[in-house]
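In terms of the working numbering, the sequence shown has 520 at position 42, counting the first letter as 1, and numbering is strictly consecutive.
The C-beta atom is built at its ideal place from N, Cα and C for all residues, glycine as well.
Computed from a predicted structure; not experimentally measured.
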Amino acid sequence: MGARCAKTGNGPGPKTPDGVERCRRSHWRHGYYSREAKAVRLEARTRLKTVRRLVAMAEETMRANDGRAL
């Protein structure tokens, strides 16, 4: 394996926890899967569900009142 790594230019990888963390951070292309981005998307989905539920309730009320708003 040592010869293959030497010929291809690939090293054996980071050994220390600090090196692993640096390697992980260097490959972070965008934050789509970051904890913060996931939380933002979850909040957006939750709000959208709430809005859809409110619209459905308003439509049901309008149907019950023959199209007249309260």
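query	result
G497 to L526 span [Cα, whole Å]	41 Å
Rounded separation between T539 and T528 - CA only	16 Å
Residue range of the alpha helix (DSSP H) that includes K493	No alpha helix (DSSP H) contains K493, which DSSP labels as neither H nor E.
Distance CB(P492)-CB(C501) smaller than 8 Å	yes
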